[in-house]
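Working notes, structure below.
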Amino acid sequence: MSVVSARPDSAPSTDGTSYQFNRAADLMGLDADVRRILAHAANESVVNFPVKMDDGHVEIFTGYRVQHNNVLGPYKGGLRFHPDVDLKHVRELAAWMTWKTAISDLPFGGAKGGIAIDPRQYSERELERITRRFTYALGDVIGPDHDIPAPDVNTNAQVMAWILDTYLSMVPPQQRMRSMHVVTGKPIGLGGCVGRDKATGQGVVISIENWARDRGFSLKDATYTVQGFGNVGSWTARLLAPYHARLLAVEDHTGAIMRERGLDPFELAGWVAEHGGVAGFPDADPIDHRTFLSTKADIFVPAALGGQITAETAPLLDVQLVAEAANGPTTHEGELVLAEKGISILPDVLCNSGGVIVSYLEWLQSKRSEAWDLDEVDGKLRRKITAAYERVRDTARTHGCDWRTAAYIVAFERLERVYMERGIFP
Ligand code: NAD
């Protein structure tokens, strides 16, 4: 039961027609042919597949994988399990992955996928069967040197392990040991990379550090708030702890909490692991969404879902920096308000690229049957993301533009150069 469409003629990616795409393309004078190519996803797969539930009845699920572009290398991007997952959204996220890998100077293209479900409604055994059947339905849409999934919202190392095991069961025995790099974000014992779990948060913190150094801003005693306390949000907070920065407020899908003297990110991570969300965290005040967004702090880290900072919510923010840990947390209208208020933005395609950078390091190790230590991984991540930060900063200076536009220009310049060198087949 699957529908696979390749190279739709009349379905430009949402991002391809977005204001940011056009602004960056206009400003740098992107070649018109390359611009047309980048405005479209290369392949879009929609799979409908049946899964038997614990009580014996069968449910049909819809899964997606959009492969936006692979001119720089294999398609790369996460899998998300969330009710909001649909083709339009996945298409947009896939395009952002193309820009992100290009900005980070990785030999990867961009992709994204997921299943439209609320995983909290299913048992662990049902989630395993859903994941395995989705992998089976995708078949050779994914592959170790073709398209490499990774964790995203509501997916983790366990989900990657199920995908890996299912994929390996579908290839001939002689190819199995050569296919371990079909996913990244795997458990360490299965060929995962030390430091991959914290990598996106680590990249966010390095980006904030670089931003602070450029401005002579001290992170010691700086205040910040975090939206989303899953993988990315909680690691960002834990990794900011050594700077003695103070976490004032946190919001997740269970509510928002505040503590003026500062929330301990380690204790909060333990609470969330046990209770499923931040609500009810002892000795913290419950606050509403509006109060959370209005909290005066130096830095706001959105690390949940997209579209949170809008024309309506941006006026509430009272911060100096928005460090975009989530993908697409700021709408174009929201960004205009932030600019008016003089709030800096570290754009998502730069700020949260630590995850895909360390995914690349994991992919290399799995390909070569190597296992690096944490110092080596952390050092390579720091050098890569700092180089990307400097490219974006310097491009913003050269073009006199905002950082998101500059980030897109960095990506488009690299993609354009490669298209010019390779030409268009036939
Ligand atoms: P996760 O599933 O571990 O955590 C998601 C968090 O968002 C949870 O705390 C959840 O409670 C919260 N959330 C969900 N709905 C919310 C709502 N309506 N209001 C407030 N909070 C809400 O996911 P993650 O891997 O931490 O991903 C978070 C963001 O970071 C996503 O935008 C993802 O695309 C992006 N990202 C993740 C990675 C990665 O390596 N995991 C890499 C790059 C970008």
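Note that our numbering has the sequence shown beginning at 211, numbered continuously upward.
All C-beta atoms in this analysis are idealised placements derived from N, C-alpha and C, irrespective of residue type, glycine included.
Open item on the list: Tell me the DSSP secondary structure of E470 in three-state form.
Closed with: Locating residue 470 in the sequence shown gives position 260, where the first residue counts as 1. Three-state result, E470: coil.
Open item on the list: Quick check: is any heavy atom of ligand 1 less than 7 Å from the C-beta of E461?
Closed with: The count along the sequence shown starts at 1 and reaches residue 461 at position 251. Result yes, Cβ under 7 Å from ligand 1.
Open item on the list: Here's the rule I'm using: 16 or more other beta-carbon atoms within 10 Å means buried, otherwise exposed. How should I313 be labelled?
Closed with: Taking the first residue of the sequence shown as 1, we reach residue 313 at position 103. With 16 or more other Cβ atoms within 10 Å, it is buried.
TODO: Would you identify the three-state DSSP class for F318, choosing helix, strand or coil?
DONE: Locating residue 318 in the sequence shown gives position 108, where the first residue counts as 1. Looking at F318 - three-state DSSP - the assignment turns out to be coil, as it is neither helix nor strand.
Task: Alpha-carbon spacing of C561 relative to D265, whole angstroms - done: Within the sequence shown, the letter at position 351 stands for residue 561. Within the sequence shown, the letter at position 55 stands for residue 265. Roughly 43 Å between the two C-alpha positions.
- [ ] Give every residue of the same chain whose Cβ lies closer than 7 Å to the Cβ of K577, excluding the five residues on either side of it in the sequence, and list them in chain order.
- [x] On the sequence shown, residue 577 is found 367 positions in, with the first residue counted as 1. Listed in chain order, the non-local C-beta contacts of K577 below 7 Å within the same chain comprise H391, local neighbours out to five positions each way being set aside.
Task: Rounded C-alpha distance that separates V460 from V488 - done: What you label residue 460 is simply residue 250 of the sequence shown in a count that begins at 1. What you label residue 488 is simply residue 278 of the sequence shown in a count that begins at 1. Distance between the alpha carbons of V460 and V488 is about 8 Å.
Open item on the list: I need the boundaries of the beta strand (DSSP E) containing Y434, first residue and last residue.
Closed with: Sequence index remark: in the sequence shown, residue 434 carries index 224 (1-based). Per DSSP, Y434 belongs to the beta strand (DSSP E) from 433-437.
- [ ] Would you check whether ligand 1 has a heavy atom nearer than 7 Å to the C-beta of V363?
- [x] Looking up residue 363 in the sequence shown gives position 153. Ligand 1 has a heavy atom closer than 7 Å to the beta-carbon of V363.
Task: CA nearest to the CA of T646, picked from R448, V482, G472 - done: The first residue shown for the chain is 211 and the last is 636, placing residue 646 beyond what the model contains.
- [ ] Indicate, with yes or no, if ligand 1 has a heavy atom lying under 7 Å from the CB of L515.
- [x] Taking the first residue of the sequence shown as position 1, residue 515 is located at position 305. Correct: L515 has its Cβ closer than 7 Å to ligand 1.
Open item on the list: Quick check: does the Cβ of V442 come within less than 7 Å of any heavy atom belonging to ligand 2?
Closed with: In terms of ligand content, the structure shown lacks ligand 2 and carries ligand 1 instead.
Task: Nearest-angstrom Cβ-Cβ length linking M370 and K396, presumed shorter than 8 Å - done: Within the sequence shown, residue 370 is the residue found at index 160, counting from 1. Within the sequence shown, residue 396 is the residue found at index 186, counting from 1. Contact between M370 and K396 holds: their C-beta atoms lie close to 5 Å from each other, under 8 Å.
Open item on the list: Just verifying my parser: in three-state terms, what is the DSSP assignment at H542?
Closed with: Counting from one through the sequence shown, the residue named residue 542 turns up at place 332. For H542, the secondary structure class from DSSP, reduced to helix, strand or coil, is helix.
- [ ] Work out the CA separation of A235 and A196 for me, nearest whole Å.
- [x] Nothing about residue 196 can be reported from this structure: the residues present for the chain run from 211 to 636 only.
Open item on the list: Could you check if N562 belongs to the surroundings of ligand 1, using beta carbon to heavy atom distance under 7 Å?
Closed with: Sequence index remark: in the sequence shown, residue 562 carries index 352 (1-based). Answer for N562: yes, Cβ within range of ligand 1.
TODO: Please classify Q437: is it buried, with 16 or more other beta-carbons within 10 angstroms of its beta-carbon, or exposed?
DONE: Your numbering for residue 437 matches position 227 in the sequence shown. With 16 or more other Cβ atoms within 10 Å, it is buried.
Task: Contact set for A252: own chain, Cβ-Cβ below 7 Å, skip 5 residues either direction - done: The residue you call residue 252 lines up with position 42 of the sequence shown. For A252, where only same-chain residues beyond five positions count, the Cβ hits under 7 Å are R217, Q277, H278, N279, N280.
TODO: Return yes when at least one heavy atom of ligand 1 lies under 7 Å from the C-beta of T433, else no.
DONE: Residue 433 sits at position 223 when you count from the first residue of the sequence shown. Checking the Cβ of T433 against ligand 1 gives no.
Task: Option nearest Y618 by Cα separation, candidates T272, Y285, T308, D241 - done: Locating residue 618 in the sequence shown gives position 408, counting from the first residue. Ranking T272, Y285, T308, D241 by CA distance to the CA of Y618 puts T308 first.
TODO: Would you decide whether T540 is buried or exposed? Buried here means 16 or more other CB atoms lie within 10 Å of its CB.
DONE: In the sequence shown, residue 540 corresponds to position 330, counting from 1. With 16 or more other Cβ atoms within 10 Å, it is buried.
Open item on the list: So, for Q384: in the same chain, excluding its five sequence neighbours on each side, which residues have a beta-carbon less than 8 Å away from its beta-carbon?
Closed with: Numbered from 1 along the sequence shown, position 174 holds the residue referred to as residue 384. Cβ contact annotation for Q384 (same chain, cutoff 8 Å, sequence separation greater than five): none.
- [ ] Would you give the residue range spanned by the beta strand (DSSP E) that P512 belongs to?
- [x] As a first step, residue 512 must be located in the sequence shown, where it is residue number 302. Here the beta strand (DSSP E) through P512 covers 509-512.
Open item on the list: Closest to L450 by C-alpha separation, out of D462, A466, A432, L574, would be which residue?
Closed with: Counting from 1 along the sequence shown, the entry for residue 450 is found at position 240. With distances taken between Cα atoms, L450 lies closest to A432.
TODO: Could you tell me whether any non-hydrogen atom of ligand 1 is closer than 7 Å to the CB of F439?
DONE: Indexing the sequence shown from 1 puts residue 439 at position 229. For ligand 1, at least one heavy atom lies less than 7 Å from the Cβ of F439.
TODO: Measure from the alpha carbon of P557 to the alpha carbon of each residue in A466, T365, L374, R603, then state which is nearest.
DONE: Taking the sequence shown and counting its residues from 1, one reaches residue 557 at position 347. Comparing Cα positions, the closest option is R603.
Open item on the list: Using C-beta distances below 6 Å, list every residue in its chain close to R456, excluding the 5 sequence neighbours before and after it, in chain order.
Closed with: Residue mapping note: residue 456 aligns to position 246 of the sequence shown, counting from 1. T433, G472.
Task: Alpha carbon of T596 to alpha carbon of S417, nearest angstrom - done: Here residue 596 refers to the residue found at position 386 when the sequence shown is read from its first residue. Here residue 417 refers to the residue found at position 207 when the sequence shown is read from its first residue. Distance between the alpha carbons of T596 and S417: 7 Å.
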